[in-house]
Amino acid sequence: MDNPHDKLPALTSKNIIIAHATDGAEMLRKHRMPKEIIDIAEQHHGTTLLKFFYHKAKQSGQEVKEEDFRYPGPNPQTKESAVIGIADSVEAAVRSMAHPTHEQIENLVHNIIGDRLQDGQLSECDITLKELDTVADTLCETLKGIFHSRIEYPEMNKQKVKQA
Numbered sequence: 001m002d003n004p005h006d007k008l009p010a011l012t013s014k015n016i017i018i019a020h021a022t023d024g025a026e027m028l029r030k031h032r033m034p035k036e037i038i039d040i041a042e043q044h045h046g047t048t049l050l051k052f053f054y055h056k057a058k059q060s061g062q063e064v065k066e067e068d069f070r071y072p073g074p075n076p077q078t079k080e081s082a083v084i085g086i087a088d089s090v091e092a093a094v095r096s097m098a099h100p101t102h103e104q105i106e107n108l109v110h111n112i113i114g115d116r117l118q119d120g121q122l123s124e125c126d127i128t129l130k131e132l133d134t135v136a137d138t139l140c141e142t143l144k145g146i147f148h149s150r151i152e153y154p155e156m157n158k159q160k161v162k163q164a
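Using my numbering, read the sequence shown as starting at 1 and increasing by one per residue.
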């Protein structure tokens, strides 16, 4: 399946992607969801940079400002918002990989968490480094289970499996 963002200008893609946080929060408000859930929708990406589209815009020769390619925030105020934001980013990044290995998954998870820490995205919530290690371990274990390679059944066994 083709990625629609491959054919769109970086600024257009950025606007579409960033809108999901504000649009999601608005839909939750409309349906009178609890404030805590609305807050997670607004905060889960904090003010993170959409690096791919920022670099794509720079490479196209456009004069761009980094802040124009950041989510509007606010940064996560709770552990729950932080964890959901990390999980959302990790899931999207792993899904973009053709055949992720265990090592690639581990590196990706740790890089995303490290980037969030370095960028100050987690500085307004009370999540600890120990809890972030637990989040990383849990995400890695889950994703390795989803993306582990499967054995290829010989044709004869495929027929037996279909009949079962």
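Positions of the beta carbon are idealized from the N, C-alpha and C atoms, including for glycine.
Reduced DSSP secondary structure (H/G/I, E/B, other) of residue i
i	result
R32	coil
L49	strand
Where the alpha helix (DSSP H) containing residue i begins and where it ends
i	result
A92	K79 to R95
G145	L129 to F147
E106	H102 to Q118
Residues of its chain near residue i, where Cβ-Cβ distance is below 7 Å and the 5 sequence neighbours each way are ignored
i	result
D115	none
E66	L49 and Y54
V64	Y54, A57 and K58
E124	N75, P76 and Q77
L28	I37, I38 and A41
S60	A10
L139	A87, V90 and V109
D119	T48
Cutoff 8 Å; reference residue i; Cβ partners in own chain excluding five residues on either side
i	result
Q62	A10 and L11
V94	P100, I105, L108, L143 and F147
Test: residue i CB closer than 8 Å to a CB of chain C
i	result
L8	Protein chain content of the structure displayed is limited to a single chain, and chain C is not contained in it.
Buried versus exposed, by CB contacts within 10 Å (16 or more), residue i
i	result
P100	buried
G85	buried
L129	exposed
S13	buried
H102	exposed
Own chain, CB closer than 6 Å to residue i, minus 5 neighbours either side, in chain order
i	result
A82	P76, L122, C125 and I127
I18	Y71
Q) Do the stretch 68-85 and the stretch 38-48 make contact, defined as three or more Cβ pairs closer than 8 Å? A) Touching, per the Cβ criterion.
Q.
Measuring CB atoms only, is the stretch 102-120 touching the stretch 135-147, in the sense that at least three cross pairs come out at less than 8 Å?
A. Contact between the stretch 102-120 and the stretch 135-147 is present, because at least three Cβ pairs lie under 8 Å.
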